[in-house]
Amino acid sequence: MSDASTARAIEALAAAIGDKVYLDVAKWHLYLGDAKLHSPLAEKLYPLVVGDEVTESAVTDILANTPVAIGGGQKTVPMADLIPAASKTDLLEAIADYQRDL
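Numbering-wise, the sequence shown is residues -1 to 100 according to this note's numbering.
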């Protein structure tokens, strides 16, 4: 796969998760696309997708190792701590839908 086609595939994955997955902050839902976090997350998830290695555990590990800057960068919090269970389920479903469309 060429770099350009890989970039397009990652952009498509980012689009698939950007408006479906959200962070929950004080009961406010901040969608990954609005927070501009969908592309960095898609870049980390893409190797799992193409390697057909998507599991709940693998996705959870990626979320746990993806820092989210808060307070103007004064602190970082693992994305896993900000995504509620329902939204994590939405993430796994969006990835599965994306894989079916490949």
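For every residue, glycine included, the Cβ atom is placed at its ideal position computed from N, Cα and C.
Note that the structure is a prediction, hence the values are computed from the model and not measured.
**Asked** Rounded C-beta distance between A62 and A78? I'm assuming under 8 Å.
**Response** Sequence index remark: in the sequence shown, residue 62 carries index 64 (1-based). Sequence index remark: in the sequence shown, residue 78 carries index 80 (1-based). About 4 Å; that satisfies the 8 Å criterion.
**Message:** Quick check on T64: does DSSP put it in helix, strand or coil?
**Reply:** Translated into positions along the sequence shown, residue 64 becomes position 66. DSSP places T64 in coil when its eight states are reduced to three.
**Request:** Excluding the 5 residues preceding and the 5 following V23 in the sequence, name in chain order all residues of the same chain whose CB lies nearer than 7 Å to its CB.
**Result:** Taking the first residue of the sequence shown as position 1, residue 23 is located at position 25. L80, listed in sequence order.
**Asked** Where does P82 sit, in a helix, a strand or coil, going by DSSP?
**Response** The residue labelled residue 82 in the question sits at position 84 within the sequence shown. P82: coil per DSSP, three-state reduction.
**Prompt:** Hey, quick one: how far does the alpha helix (DSSP H) through T4 stretch, first residue to last?
**Reply:** Taking the sequence shown and counting its residues from 1, one reaches residue 4 at position 6. Per DSSP, T4 belongs to the alpha helix (DSSP H) from 1 to 16.
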